[in-house]
Amino acid sequence: MTARTVDAAPLAGGWVNFDTTATGIHLVDAAVDGSRLMLRITERGDPDPSQETLVPTAPVTGATLPAVPLADDMDTPEAVAFLAEGPLGSRQVILCGYLNRGLLTIDVHTVHTVDPQIPNVMYRAHFYRSEGAVSL
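Residue 454 in the working numbering is what sits at position 85 of the sequence shown, and the numbering runs on without skipping anything.
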């Protein structure tokens, strides 16, 4: 039996979080690297507590994580989702992303391995393709 590869191209491109005021993942740049998908993650920092209106600080680059592209059927060659795991700042993350009507939704699961008093967190973020991105 020959192993089938999943084409990660439908997931490639720049993705921007709809929620411009949220902390956490702000941008995802997804690029195909052989049969893998590489995710360059840019996060927003915590809101500056000295400001009366909580405005997130400038974006900071997080990490580049390898992702496994996933199809929604054994006979479908195009990726509709991905699974990634690795370090992001002081946390270990698991990212479960999927396309839905041209938008990217990512479930973000974080574990703080450095400080056990910081709770583990799960959140969902929704992304749209950045302008100028070429949809494959």
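Built from N, CA and C at the ideal position, the CB exists for glycine as well.
Report task. Say whether the segment 442-457 touches the segment 371-391, bearing in mind that this needs 3 or more beta-carbon pairs closer than 8 Å, one atom from each stretch. Result -> Output reads yes: the segment 371-391 touches the segment 442-457.
Query - Under the three-state DSSP convention, the category residue 379 falls into - result: By one-based count along the sequence shown, residue 379 stands at place 10. Secondary structure of residue 379 (DSSP, three-state): helix.
**Report entry** C-alpha gap between residue 402 and residue 486, whole angstroms
**Finding:** Taking the sequence shown and counting its residues from 1, the one referred to as residue 402 is at position 33. Taking the sequence shown and counting its residues from 1, the one referred to as residue 486 is at position 117. Straight-line Cα distance between these residues: approximately 37 Å.
Query raised in the report: Can you list, in chain order, the residues of its chain whose CB lies under 6 Å from that of residue 453, leaving out five sequence neighbours each side?
Result: For the purposes of this step, residue 453 is taken as residue 84 along the sequence shown, with counting starting at 1. The residues 408, 434, 436, 464, in chain order, have a CB closer than 6 Å to that of residue 453 in the same chain once the five nearest residues on each side in sequence are set aside.
Query raised in the report: Is the beta carbon of residue 450 less than 8 Å from the beta carbon of residue 439?
Result: By one-based count along the sequence shown, residue 450 stands at place 81. By one-based count along the sequence shown, residue 439 stands at place 70. It is a contact, given that the beta carbons lie within the stated cut-off.
Query - Assumed close pair residue 410, residue 432 - CB separation to whole angstroms, cut-off 8 Å - result: In the sequence shown, counting from the first residue as 1, residue 410 sits at position 41. In the sequence shown, counting from the first residue as 1, residue 432 sits at position 63. 6 Å between Cβ atoms; contact.
Query raised in the report: What's the C-alpha gap between residue 461 and residue 478?
Result: Within the sequence shown, residue 461 is the residue found at index 92, counting from 1. Within the sequence shown, residue 478 is the residue found at index 109, counting from 1. Looking at the two C-alpha atoms, the distance is approximately 8 Å.
**Report entry** Bridge-paired residues (DSSP) for residue 386
**Finding:** Here residue 386 corresponds to residue number 17 of the sequence shown, with the count starting at 1. Per DSSP, the beta bridge partners of residue 386 are 496.
Query raised in the report: According to DSSP, which residues form a beta bridge with residue 455?
Result: The count along the sequence shown starts at 1 and reaches residue 455 at position 86. Answer is 462.
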